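Residues 28 to 206 (the working numbering) make up the sequence shown, in order. Positions of the beta carbon are idealized from the N, C-alpha and C atoms, including for glycine. Just so it is clear, the structure is predicted and the values come from calculations on it, not from any experiment.
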Amino acid sequence: MNQDIERILITEEEIDGIVTKMAGEISRDYEGKNLLLLGILKGSVVFMGELMKRVSIPVQIDFMKVSSYGSGTKSSGVIDILLDIRRKDIDKCDILIVEDIIDSGKTLSYLVKYLKQKGAKSVKTCTMLDKPSRREVDFHSDYVGCEIPDLFVVGYGLDYNENYRALPYVGVLKEEIYR
Ligand code: IMP
Ligand code: MG
C-alpha cells in the first residue's frame, strides 16, 4: 500500500463488482438510445475506461474539463469550463455524465443545466462515489457506485494536488498529508 494512505476504503475487487453492476444497469436503461458517456476530466478517467468496456450497447464518448476546486481539499464553489463539448449532433445525444465523486453537488447540478441548455436530448449522471452528507445543493445522481462518509479519498482517478490518481483502489489519505 502507498505510504500516504491511511487505509483502503474500497478494494480493487469491490470496485470491479460495482462498475460491472452499473454498466449492466446502464446497458439495460439505454437500450435503443444514443448513449454518449461524457467523462469529466481528470478524475473520471479510470472509472470511465472501466465502465465503457463493460457497457454492452453501442456507446460514444466525450470529455469536458471543469475546475471546481482551487487546490487541495476545499471546494471553491465556482465552476469554470476549461474544455467544452463541441458536437453538432448534441440534440440527438442521450448524455450520461461520468464523474468520480460528488461532494457539494455544485459541479454536476451546474453541468446538467448547462448541457440541457445546449440542447442535449437527455442528460443524466453517473458517479463512482457519492458523499451525500457533504451536499450544499439539492442534487441526486441517477447512478451511484458507492456512498461513502465524509472522508477525503484518493485513487482510482481521484487526486490530492494531482497525485495518487493511478492507485487501483480508493484509499483514505493520511491527514498529515493535507494538514
Ligand atoms: P462538487 O462540485 O463539490 O460535488 O465537487 C466534486 C469534485 O470535487 C469531484 O469531481 C472531485 O474532483 C472533487 N472531490 C470531492 N471530494 C473529493 C475527495 O474526497 N477526493 C478527491 N477529490 C474530491
Ligand atoms: Mg473531479
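Using a C-beta cut-off of 8 Å, the segment 86-93 makes no contact with the segment 35-51, since fewer than three inter-stretch Cβ pairs fall below that distance.
For VAL139, the closest C-alpha among the options LYS151, MET28, GLY182 is that of LYS151. Taking a 10 Å sphere around the C-beta of GLU126, we find 16 or more other C-beta atoms and assign the residue as buried. ARG114 sits in coil when the DSSP states are folded into three classes, being neither helix nor strand. Here GLU126 carries a strand assignment [DSSP, helix/strand/coil].
Burial state of ALA193 is exposed, judged by a 10 Å Cβ sphere holding fewer than 16 other Cβ atoms. Listed in chain order, the non-local C-beta contacts of LEU135 below 8 Å within the same chain comprise ILE124, GLU126, ILE129, THR152, THR154, PHE166, SER168, local neighbours out to five positions each way being set aside.
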